[in-house]
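The structure appears below as structure tokens.
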Amino acid sequence: MEKNRVAVVRYTPGKKAVEKAISLCEGIKDLKPYHKVMIKPNVVLGGKVYKNLLKGVVTNTVILEELILFLKDFGCTDICIGEGSVLLPDLGVDTATAFNYSGITELAKRYEVKLMDFYQYPFESVTFEGKKVDISLPVLESDYIINVPVLKTHNQTKVSLSIKNLKGVLSFKSKKSFHDLNLERYIALLGSYIQPQLNIVDGIYTVNNGPVSSDWQQVGIVLAGNDPLSVDVVGATILGFAPHDVGHLREYADITGGSLDIDNLDIKGEPLESIHLETRWDEPWPEQILKLHGIQGVSIPAPGQSLCSSCGFGIAMALHMFFREVPGQKFDKVEIRMSRDVKVSPGSKNVFLLGKCAINANKHIINAVKIKGCPPSINDCYNSFKEHMVIAT
Numbered sequence: 144m145e146k147n148r149v150a151v152v153r154y155t156p157g158k159k160a161v162e163k164a165i166s167l168c169e170g171i172k173d174l175k176p177y178h179k180v181m182i183k184p185n186v187v188l189g190g191k192v193y194k195n196l197l198k199g200v201v202t203n204t205v206i207l208e209e210l211i212l213f214l215k216d217f218g219c220t221d222i223c224i225g226e227g228s229v230l231l232p233d234l235g236v237d238t239a240t241a242f243n244y245s246g247i248t249e250l251a252k253r254y255e256v257k258l259m260d261f262y263q264y265p266f267e268s269v270t271f272e273g274k275k276v277d278i279s280l281p282v283l284e285s286d287y288i289i290n291v292p293v294l295k296t297h298n299q300t301k302v303s304l305s306i307k308n309l310k311g312v313l314s315f316k317s318k319k320s321f322h323d324l325n326l327e328r329y330i331a332l333l334g335s336y337i338q339p340q341l342n343i344v345d346g347i348y349t350v351n352n353g354p355v356s357s358d359w360q361q362v363g364i365v366l367a368g369n370d371p372l373s374v375d376v377v378g379a380t381i382l383g384f385a386p387h388d389v390g391h392l393r394e395y396a397d398i399t400g401g402s403l404d405i406d407n408l409d410i411k412g413e414p415l416e417s418i419h420l421e422t423r424w425d426e427p428w429p430e431q432i433l434k435l436h437g438i439q440g441v442s443i444p445a446p447g448q449s450l451c452s453s454c455g456f457g458i459a460m461a462l463h464m465f466f467r468e469v470p471g472q473k474f475d476k477v478e479i480r481m482s483r484d485v486k487v488s489p490g491s492k493n494v495f496l497l498g499k500c501a502i503n504a505n506k507h508i509i510n511a512v513k514i515k516g517c518p519p520s521i522n523d524c525y526n527s528f529k530e531h532m533v534i535a536t
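Under the working numbering, the first residue of the sequence shown is numbered 144, with each subsequent residue one higher.
Structure follows, in structure tokens:
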């Protein structure tokens, strides 16, 4: 049986690493110049407050530029870049701001490529294991999907690579529902349904404790291959993870019959032994916030996989806003809970339940400060902290 091919190429500016990677993996055997091409980068979020969080977080425009030039040289004229980014209305953060701050808006204008915010277009409902899921109709109507994720860690799924990147094609409601169901199983079901024709991983940088982090390191590679699982097996290995320990890769292999064994792949280009990375994925972000501001007396356990992105990013911003005003402060047994996975500890004196999931999971807590919403408003969280958080005496 023929092995799936994955290219691993060193990135050097101006040396056409993307073209070389596509050539090594024979990635465009089925592409035709008349195809309607959809490029799906990872543009998880972007806006003024996140303007310095680009390296290893969002797909680098130099990779997209090389890809666009390659496609145009090939004869493709119907090219679109599409994404559905995190929405934070309190901060004016949406897909448009993410495109702007990543440089993709300017890139698309320069090369006359269409730019698409998936939330502004229709979705088509499909059913995965009895559950309705809404997928971007323009993605489903594309002739050729090129998936361009970033080589990075993720604090809920260990890695965010080709398969995980496809979550961006969902409606906002369906993204939230994945966290209510079985996140890694549904990521795998989605990936097996869409199956991009080509996957190109931007590995110029990576981040620890992703998906959004300032703790980046330079890697300088590009991966490419037709099979997303094969590409992700290589990517996970480079990041230091055994592929069978990554839930959504294991689920995808179970669904599709694919292999998690790197020895079953035909790897072209750089030997993996020449790429040495040490990455971290599981330092809980609430602890990082408390440590950054020197806060004592506050417990915020890691929320687990049931916390959706908009809720998590919004709550993180509210915590930063409040704690930066009271650096080094000690509070009186404060407990902050988000998501349905974490229950309130006995004996807590000052409990905050943030969002619908945390409130529903802790209905027996009578005197908690409850901030409603799905997701809860950043301003509501901040104002509640300011009004109700008790300082230790």
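Glycine is no exception: its CB is placed at the ideal position from the N, C-alpha and C atoms.
Item: Top-ranked residue by Cα proximity to residue 266, from 463, 209 and 283; Value: 283
Item: Contact set for residue 432: own chain, Cβ-Cβ below 7 Å, skip 5 residues either direction; Value: 459, 462, 463 and 466
Item: For residue 345, the residue or residues it bridges with in DSSP; Value: 293 and 365
Item: Residue 415 Cβ short of 7 Å to the ligand NAD heavy atom set; Value: This structure lacks the ligand NAD, and indeed carries no ligand of any kind.
Item: Residue of 469, 528, 529 and 450 minimising C-alpha distance to residue 498; Value: 450
Item: Those residues which DSSP pairs with residue 399 across a bridge; Value: In DSSP, residue 399 forms no bridge with anything.
Item: Of the residues 178, 304 and 202, the one placed nearest residue 285, counting alpha carbons only; Value: 178
Item: Closest residue to residue 261 among 311, 300 and 249 (Cα-Cα distance); Value: 311
Item: Element boundaries [beta strand (DSSP E), containing residue 328]; Value: Residue 328 -> not in any beta strand (DSSP E); alpha helix (DSSP H) instead, spanning 326-337.
Item: For residue 469 and residue 412, the rounded distance between their alpha carbons; Value: 52 Å
Item: With 16 other Cβ atoms within 10 Å as the buried cut-off, status of residue 163; Value: buried
Item: Pair within 8 Å by beta-carbon distance, residue 376 and residue 343; Value: no
Item: Beta-bridge partners of residue 288, as assigned by DSSP; Value: 181
Item: Rounded separation between residue 524 and residue 514 - CA only; Value: 6 Å
Item: DSSP bridge partner residues for residue 303 (one or two, in chain order); Value: 295
Item: Spatial distance of residue 529 from residue 295 (CA atoms); Value: 35 Å
Item: Proximity to residue 414 [Cα-Cα], best of 489, 147 and 153; Value: 153
Item: Contacts around residue 405, its chain only, beta-carbon distance under 6 Å, and the 5 residues preceding and following it disregarded; Value: 376 and 380
Item: Assigned secondary structure, residue 249 (DSSP; H/G/I helix, E/B strand, else coil); Value: helix
Item: Three-state secondary structure (DSSP) of residue 377; Value: helix
Item: Check whether residue 454 and residue 371 have beta carbons under 8 Å apart; Value: no
Item: Beta-carbon proximity list for residue 350, same chain, < 7 Å, skipping 5 on both sides; Value: 199, 200, 295, 296, 356, 358 and 359
Item: Span of the beta strand (DSSP E), counted from its first residue to its last, around residue 476; Value: 473-481
Item: The stretch 228-238 contacting the stretch 185-194, beta-carbon criterion three pairs below 8 Å; Value: yes
Item: Closest by C-alpha distance to residue 223, when choosing among 170, 288 and 216; Value: 288
Item: Collapsed DSSP secondary structure at residue 259 in the structure displayed; Value: strand
Item: Where the alpha helix (DSSP H) through residue 215 begins and ends; Value: 204-217
Item: Any chain E beta carbon closer than 8 Å to residue 242; Value: Although the question refers to chain E, the structure presented lacks it and comprises just one protein chain.
Item: Cα-Cα separation, residue 151 to residue 423; Value: 22 Å
Item: Where the beta strand (DSSP E) containing residue 493 begins and where it ends; Value: 493-497
Item: Through-space distance from residue 280 to residue 521, alpha-carbon basis; Value: 31 Å
Item: Residue 430 versus residue 218 - alpha carbon distance; Value: 50 Å
Item: Proximity of residue 113 and residue 474 at Cβ, strictly below 8 Å; Value: In this structure the chain extends from 144 to 536, so residue 113 is not present and cannot be described.
Item: Buried or exposed by the 16-neighbour rule on C-beta atoms within 10 Å, applied to residue 202; Value: buried
Item: Strand pairing of residue 224, partner residues [DSSP]; Value: 182 and 258
Item: Residues that DSSP places opposite residue 269 in a beta bridge; Value: 276
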